[in-house]
Structure formats: structure tokens, C-alpha cells
Amino acid sequence: MARSHIYIGLSVIACALSAVAASRPQRAAMPVPDAPLPVPAIPDSALLDSASLARILSAPTPDSTDADGLLRRTLVGDVDSDSLAAVMVPLDTAPKRSLIRREKVDLDNVVTFSAKDSMIMEGRNTAFMYGDAKLDYGDMKLEAEKVSMNMANSNVYAVGLPDSTGELIGTPIFTDKSGEYESESMSYNFKSQRGFITNVVTEQGEGYLTGGRTKKMENGEYYLQNGRYSTCNDHEHPHFYFQLTKAKVKPKSNIVTGPAYMVLAGVPLPLAVPFGYFPFSEKYSSGIIFPTFGDDYNRGFYLSNGGYYFAINDNIDLALTGEIYTKGSWGLTAQSSYVKRYKYNGSFNVSYLTTIYGEKGNPDYSKQTNFQVLWNHSQDSKANPNMSLSASVNFTSSGYSRNDLNSYYSPSFTENTKSSTVNMTYRFPNSKWSLSTTANIAQRTSDSTLTVSFPNLTASMSQIYPFKRKRAVGKERWYEKIKISYSGQFQNSLTAKQDVFFQKSLIKDWRNGARHSVPVSATFSVFKYLNLTPSLQLNDRMYTSKVRRQWDPNASAEVCDTTYGFYNVWDFNASLSLDTKIYGFFQPMKFLGDKVKMIRHVLTPTISISGNPDFGSPFFGYYGKYRYMNSQGEMMERQYSMFPNAVFGVPGTGKSGSISVSLANNLEMKVKSDADSTGEKKISLIENFTVSQSYNFAADSMNWSNINTSLMLRLVKNFNLNLNATWDVYTYQLSPTGAPVRVNVPRWKAGKGIGRLSSTGTSFSYTFNNNTFKRGKDKDKDKDKKRRGRNGYDDEEDDDYDDEEGDNFSGRNDRRRGRGNDDDEIEMGADGYMDWSVPWNLTFNYSVNYGYGAFNKQKMEYDGRITQNLSFSGNIQPTKNWNFGFSASYNFDTHKIAYMNCNISRDLHCFTMTASFVPVGPYKSYNFHISVKSSMLSDLKYDKRSSFSNGIRWY
11 MARSHIYIGL SVIACALSAV AASRPQRAAM PVPDAPLPVP AIPDSALLDS
61 ASLARILSAP TPDSTDADGL LRRTLVGDVD SDSLAAVMVP LDTAPKRSLI
111 RREKVDLDNV VTFSAKDSMI MEGRNTAFMY GDAKLDYGDM KLEAEKVSMN
161 MANSNVYAVG LPDSTGELIG TPIFTDKSGE YESESMSYNF KSQRGFITNV
211 VTEQGEGYLT GGRTKKMENG EYYLQNGRYS TCNDHEHPHF YFQLTKAKVK
261 PKSNIVTGPA YMVLAGVPLP LAVPFGYFPF SEKYSSGIIF PTFGDDYNRG
311 FYLSNGGYYF AINDNIDLAL TGEIYTKGSW GLTAQSSYVK RYKYNGSFNV
361 SYLTTIYGEK GNPDYSKQTN FQVLWNHSQD SKANPNMSLS ASVNFTSSGY
411 SRNDLNSYYS PSFTENTKSS TVNMTYRFPN SKWSLSTTAN IAQRTSDSTL
461 TVSFPNLTAS MSQIYPFKRK RAVGKERWYE KIKISYSGQF QNSLTAKQDV
511 FFQKSLIKDW RNGARHSVPV SATFSVFKYL NLTPSLQLND RMYTSKVRRQ
561 WDPNASAEVC DTTYGFYNVW DFNASLSLDT KIYGFFQPMK FLGDKVKMIR
611 HVLTPTISIS GNPDFGSPFF GYYGKYRYMN SQGEMMERQY SMFPNAVFGV
661 PGTGKSGSIS VSLANNLEMK VKSDADSTGE KKISLIENFT VSQSYNFAAD
711 SMNWSNINTS LMLRLVKNFN LNLNATWDVY TYQLSPTGAP VRVNVPRWKA
761 GKGIGRLSST GTSFSYTFNN NTFKRGKDKD KDKDKKRRGR NGYDDEEDDD
811 YDDEEGDNFS GRNDRRRGRG NDDDEIEMGA DGYMDWSVPW NLTFNYSVNY
861 GYGAFNKQKM EYDGRITQNL SFSGNIQPTK NWNFGFSASY NFDTHKIAYM
911 NCNISRDLHC FTMTASFVPV GPYKSYNFHI SVKSSMLSDL KYDKRSSFSN
961 GIRWY
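In terms of our numbering, the numbers along the sequence shown are unbroken and rise by one, the last being 965.
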């Protein structure tokens, strides 16, 4: 019964299909293959269910090549029973063929497209994509909110769509080899590689090209009409831009424009150019440095900092620039930087300046020539462990700072001394020896005094133990503790005025000499707690000139006779010292509290005995004597040194056999502290306080030496106060000529105390800032805030959103609007409140010295004289973009500010403004400057300055 039902169903289906096929128009007969189609065996009807029948009817023809004909041939009425059997092939045995016709198209790459929202396909060639649509074709990428694509003509069109608030989102972003471009709408053809863009936004060099209608060519160039070029990243409302009537853009190379004019704050300015050229390159290459224009009251209009840049190689460059003034002044500058990775790095700057004031022939006419040499060199410590070279050269002629326009508002303008040093040291491998050479130059700009010391050679040997056994057996013997070292120096120096320096004789005027020093010492432990140290110092000096003096009674003058040769001046001294340490502890009484746990006093007494012969005796030949008659007709004897210009000096006169006593003190306190993990911490009350004096047994008078004291206090963590003082122990009387002389009467015998302060001094500097008066916990909170980003996010999280390409618009819709003005951004702290802070700092440099001044004949004492120097500088940043700074020095003699330099700067987003002025002193002047930040548009600026010598009172 079941089988009969199946047969009846098949017959009904076959009849229905035949009727439908008969009602359709007749088509051309399909070509019949020569070989019959393979007909697999029909399964038993009992096993054929309705699902199997449906699969058989829907199976494609295995060898058909016409997909459309195949769809129409699936009518059972068009074939006989044999053909029907051939059609009904099981799917697992029939080969699979696509029903979509594949036509060959003229494209070089596969087109990949996708969309997040939806995608509509019309026919075979047209597609519409919505919602973050992306399309990739080779090196070309396109992203937009809506993209329509027609593969028949290879055209693609992209546009953004407004959101619920009416703001345009998903504007097209086109990327290819030349860069990235954003626009409002874009059309592009895959075959021709041409496109049309409206309101483009792209970064080119240091600026941004926006707006207008743009046509992209197949070679990657762009033709722009009614565009804008600006370095401001607020693309909707830039603070300034150049309106370009037409332009040609060669990506990553240059922009060539037709007529263009400047627009500032939306207002067109009458600043137009017939054409423009904006070069930019990512390659390291040579090129022209365009000069800047300005005017000076004394020297006229000028062009400065113009020249040529030489990109020599990856390790060194060179920039040659110059300046020229309409009144005759000019200058040249050569700057270079060099670096060798893991070897060395440095830079040098050589400037030559000719300054002309006034008109030639007038009384006020003057011409000055000055120069400057700056050189800094440092060597990597890993480059050569045995040899090192370092240089810090700052050499300028005396008038350079006063004639250089850029020096008026620099802190170096007030420097009275400048120093330069070049040093090279070589350490012999596996040896105690080292060799170094040094060149030193010291300048005093107030009187143009120059001191040059070159070459200076130093050979040294570190301590060795010559008697120590290589294979020690048993205890260390006493002679094995003897240690010896060596130091040898050669020095050649000259001090003279700058204008006559090169006129000096190398032999007669230069001071040169050599010195050898060999210290020998050993330390022994005596009675377990005492350290006994005998020492011997041998010194040898070598000079090339000797001066003999005698009195000429006819001329009543001293006559000098200089001989040149090789002369040795040697001396020695021996000493024996004994020192130990004595500890004292004091614990405060309980009723005073338990905060202080213990106070410790460390006393280090040192007793030393030293002696040396009288090197002023004729035996050594270092000093000479002659007799002369003074103005009163009395015969006098004068002793003089035969080596007055000795670089390393000469041994002193008089024999010495003295004993010295020194007491060094250290006072510390241990207190409880919850901040320390140990529960206690040490506080230094007196870091060091030393008192020393000596008595010379061999001297015939004035046996006592002055008392020397030194004090070191650690006031705060990073600040120590050092104070050294000398106390005079003898009194003074008047000589027959009325001059004060020191006499052999100690002060305690005259009833004037033990000693009188004769000299002392100290200097210190300290910087106050935001964290100076904060406690430790508050400082930790500030550090935590710095680690936090805006709105409570960590900086590390913010870094994930940073654009790797800088301002190359890798975001979404915010790129179209640009960054905007930074003033609108509000810094938020981790607590959700506005992070309001005003960074500031104030630095003080103070030095004070006390010494003997004029002699008071009534008191028979020297009056004291105090010399003070004070300089201070500060900086405050009330907002993120405002900055105020100053530096000044105070003259305690005149009780006035000697010099002050003030600076005000304002970050104006794409502009920068600075104002510098000297309100007091002889160099009273001002300078105002506003310019575009971009170095490419550095000539887009305004300068206004006064000169200290123009005679204009500006306030």
C-alpha cells in the first residue's frame, strides 16, 4: 500500500512539470554531448523518501556550462525518462559547479570590502555598504560611513553621513602610498587610479592641507583649487592659513601654489604672493637655510641665520650661516654636530663677528672684530676602557657678548669669567700607570685677561706595596705595609691681556716647569686602638730660568740678571702622626621624653710631628741676598727667590720642627620614626667640626700657627652648610715707616683673647619649588597624580590611543575637527576634580666672605670687611601656556640690583610669543617676538627690539 502511494506521487509531479514546460516558449535545443551521461543505478524505490527526492531534483547538471540554461532545464517535461534518471544524481557523487557566471575583469588585485551595518548587492556589479565600510584594493584603502561600488566601470564613491545630532560622521579616509587623506566625499576609479575629492584634509610636511576641490592623478600628484595650507591642527577654524587659489601637491616632496594670501583669525590680510613653494622631505638631505629679516637701531636692517646645510653623512652635519647689516656689520657661523654610536658624540660652534657703529669719518665711528668658539665632546665609557677624551670649550673674545644680539637676554651675559678644558687620559692596561694631558683656558671679560695653560702633562702611579711578598706565609710583616706612589706634572702657562697675548715670547714670558712627587707612608696599629703613620714626602721641581738680583748704587735701583738653563729645586719633609677615635654616648633622661633614644659623639684626635731643614740657606741655592741703602742712609739686607716665576713655587725659608694637634668632632642623634622600617632613624646634628693648630719648635719667633676651624652642618636632606675660618693669634704694631706689622706677642699675653677672626666664608645655593614645603605623603600624592592621565585614566592607557603617525589623522571623526585649541582642555585629577597646579621654582646663589680690611691705628687691629654676592632666578607657570621667568644679581656695595633679565612667553597654539627685557642697569633694553612655531614658516614673524645704546627711554 505504501509503495503504491509513492508511485502515484511521482506520477503526479511528473505530469505537473510537463504541463508547466509545455506552457513556456520553446528554446533552442541544448547541444547533446557525444558520449552518454553516466547514469547511476536508481536505488530501490522502497528506500527513496521525500527528502532524497528533493535532493535529486535540485542537483545541477554535471557537465552543463550554461548556468542560466541549467536553471531553466530542470523541468522534467523537457527530458525523457533516461534523461531524468541522469539528472537525479546523488549530491555526494556529482561534481559541484558554481551557479554564478565568472567574467574576466580588468583589475590587477582582488577587491576586499566589508561593512558593519549592512550591505546591498544589485545584480552582479553594484554594491552599497553602510556603517564603517572598508574597501581594500592593493595598496589603496578606503574607509567611510557609506561606500557605493560599481565594478562594471571600476568606480567607487564614498561619503559620510549625519548622525542623530546632525554632525557628519564617518567621513572618507583614503590611504595609498603617498599618504592619508580625509575628505567630505570622494570618487575613485580603480583602473585609471584617478579620483575627485572635496574638502580634503591631509598632513604634508609640518603643515596641513585642507578644503577645496582636489583631483588625484595616476602618478600620485594632486591638483587643488581653493585650498588652505596651515600648520594649525584646528582644521575647521585654523588660527591662520594661506588661502591657495590653486596648487599642485607632490606628496612627501613639495607644494607649488599659484596666487595665495594670508588669513589671520578669519580676516584676510593684504599679504599676498604671486606664487608659493613649500618644500618638505622626510629624508636627511642638504638644503638652503632661509634667512630671517629684522632691524637694529645701530646697525640697520639685517638678514641673519641664512646659509646652507650640508648633510655630510649619518654621523656628522654642517651648517654654514651668516648675517649682514645695511650699515656694514656682518658675521659668519659654522655649526656642526657629530655622533658615533657607542663611541662618542659632540658639537662645535665657531662664530666670527665684525661690528661697525656710526659712519666712517665721524668721531663716533668704531669697528670691532670678535669671535666665539664652543666645543663639547664626550666619549662613551664603553668605547675604550683605557683611553678617554672630553672637552668643554667656551672661548669668546671680550666684546662678543656685548655685540651679539642674542646674548642680551641670556644668563651667560652676566658671566665675568669663562673657562675651557680639554682632557685626554690613557690608562695602561694591567698597570698602575696612567698618563693624561690637559689644556685649560680662563677668561676674565671685565679686563680681557687671558690665562692659557697648555700643554699640561701628568703621569701618575697609584699606590703599590714594593716589599709585600707575592706568597705570604704567616702574619704580615711591618715592612710589607710600606706603600709608595708617584705623580709627575709638566705645566706651561701664560697670563696676559687679550690684545697682546700673541706678542708674548714663548721662552721669556711663558711660565713652565715640571714637578715630581713621591710620597712614602705606612700605617701601623699600636696598642690596639692607636694608628701610627710615618710618612716621607720627596718633591723635585725643574725650571728653565733663574733670576739673580743685585743693587746698583749709582742708579739706586735693583738690577735683574736672567739666565736660561736647567735647574732643579728639590725639597722633602718627614712626619709622624698618631690618631684614634673616642666614642661617647648620652641617653636623655626619661622625663624629657622617649623620642630621642641616644646621642653619639665621635671625637677623632690627631697628633702629628713634622720637620724639614731650612731650604733658604745658601747650601741649597734657592734664595739669594744683597745689601742696599735705604732712604734714611741705613744699610739693609734683602732676601729674594731666584725663581720668581716658578709655576710650582719654591720651598719655604726657615727650618721647621712642629707639632700639630687636630680635633675632629661628629655629633649624631638617633630618634624614633614610624616612617622607617627599622622604627628609628639617625639625625646629624654636627656632621663635622674640626679645630687644628701647630707649634714650631725650630722657629726663633712666632712659633704658634693660626687656628684653623671648619664646620659642616647638614641642615636638610640635600643641603649642607660648609664654613671654614682662620683665627689670628698674634697682635700688630706699627713699623718705623708707619706700616702695620705682625709682632711676636700672642693675643692671650696682650689680654685680647686666644684668637681673632681673620678670614672666613661660605657659599651655597638652594632651589625652592612646589614640593619644598610639602610633607612626604603629599609628595607621594603628587607623584601618583603625575602617573595618572586625564579623567582618572593611567598614562599607559592613554598611550594606546596615541597616533603612531603623529597628527596624521588615524582616528575617526575627531580627525576631521582636529585637536582644537589646547586652552579648552581641562586637566582632571584622579579624584574627578580639576587638577589645578602652578609649577614654580626660585633659586638663590649666595656667597659671603669676611676678611681683613683697612688697619685701624687707634685699635691697632684690622677692621673687618664683608664681601657678599647674591644672584637669584625664578620661573612660574600660572597656566599651561603662560610662563614667566627672571634672573638677577644684587650689588651689596651700591645696594642696587646690578642686572636683571625678565622673560615672558605665551604658547599661542600654532604661534609662540616671547617678550624679554632688561629693566635696570647699563644694558636696559627690550625685545618682543611672535612667530609661527613651525620651522618651515619661521620667517612668518614680527620682531620689535631696542638697543642698550640707542638712548631711548622706553619706560
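Glycine included, C-beta positions come from ideal geometry on N, C-alpha and C.
Quantities reported herein were computed from a predicted structural model and do not represent experimental measurements.
- Each residue's CA atom was taken as its position, placing Ser773 and Ser704 some 28 Å apart.
- Comparing alpha carbon positions, the residue from Gln453, Tyr191, Gln382, Asp589 closest to Leu219 is Tyr191.
- Bridge pairing for Asp589: Asn541, Thr616 [DSSP].
- Burial state of Glu333 is buried, judged by a 10 Å Cβ sphere holding 16 or more other Cβ atoms.
- Between Leu673 and Arg610, the C-beta gap is not smaller than 9 Å, which leaves the two residues out of contact.
- As DSSP reads the structure, Trp737 sits in a beta bridge with Ile717, Leu767.
- Counting along the chain, no alpha helix (DSSP H) covers Arg752; the unbroken beta strand (DSSP E) around it starts and ends at 750 to 756.
- Cβ contact annotation for Leu281 (same chain, cutoff 6 Å, sequence separation greater than five): Met272, in chain order.
- Taken through DSSP and simplified to helix, strand or coil, Arg412 comes out as helix.
- Here DSSP, grouped into helix, strand and coil, assigns Tyr489 to helix.
- A Cβ-Cβ contact shorter than 9 Å links Asp390 with Tyr354.
- A check of alpha carbon separations from Pro746 across Pro284, Phe653, Lys784, Asn640 identifies Asn640 as the nearest.
- For Met946, the three-state secondary structure derived from DSSP is helix.
- In its chain, beyond the 5 residues on either side, Thr590 have a beta carbon closer than 6 Å to the beta carbon of Tyr539.
- Apart from the 5 residues on each side of it in sequence, Ser683 sits with its Cβ closer than 8 Å to the Cβ of Gly689, Glu690, Lys691 in its chain, given in chain order.
- Across the set Phe938, Phe921, Ser620, Arg204, the C-alpha of Phe938 shows the shortest separation from the C-alpha of Val928.
- Per the coordinates, the alpha-carbon of Ala656 lies some 12 Å from the alpha-carbon of Leu504.
- Collapsing the DSSP output to three states places Gln597 in coil.
- DSSP, read as helix, strand or coil, puts Val510 in helix.
- Beta bridge pairing from DSSP links Arg525 with Gln499, Arg551.
- Under the DSSP assignment, Gln235 falls in the beta strand (DSSP E) whose first and last residues are 232 to 240.
- Per the coordinates, the alpha-carbon of Asn891 lies some 10 Å from the alpha-carbon of Thr922.
- Exclusion of the five residues before and after Gln597 leaves Met608 as the residues of its chain whose Cβ lies within less than 6 Å of its Cβ.
- Judged by DSSP in its simplified three-state form, Met646 adopts strand.
- Gly884 places its beta carbon less than 9 Å from that of Leu852.
- Val681 places its beta carbon 9 Å or farther from that of Lys784.
- A direct Cα-Cα distance of roughly 57 Å separates Ser935 from Glu153.
- In chain order, Arg309, Gly310, Tyr312 place their CB closer than 6 Å to the CB of Tyr335, counting only its own chain and leaving out the 5 sequence neighbours on each side.
- Annotation: the stretch 271 to 304 contains the following complete segments of the beta strand (DSSP E) (minimum length 3 residues), in chain order: 277 to 283, 286 to 289, 297 to 299.
- Annotation: Ser441 to Asn396 spans about 11 Å, alpha carbon to alpha carbon.
- At least 9 Å separates the beta-carbon of Trp714 from that of Tyr742.
- Counted as a single uninterrupted DSSP element, the beta strand (DSSP E) harbouring Gly356 occupies residues 354 to 367.
- Apart from sequence neighbours up to five positions away, the residues of its chain that approach Ser296 with a beta-carbon distance below 8 Å are Tyr318, Tyr319, Phe320, Ala321, ordered along the chain.
- Straight-line measurement puts the Cα of Val701 at about 7 Å from the Cα of Ile717.
- The stretch 450 to 462 makes no contact with the stretch 472 to 483; the number of CB pairs closer than 8 Å stays below 3.
- The secondary-structure analysis by DSSP pairs Asp562 across a beta bridge with Ala567.
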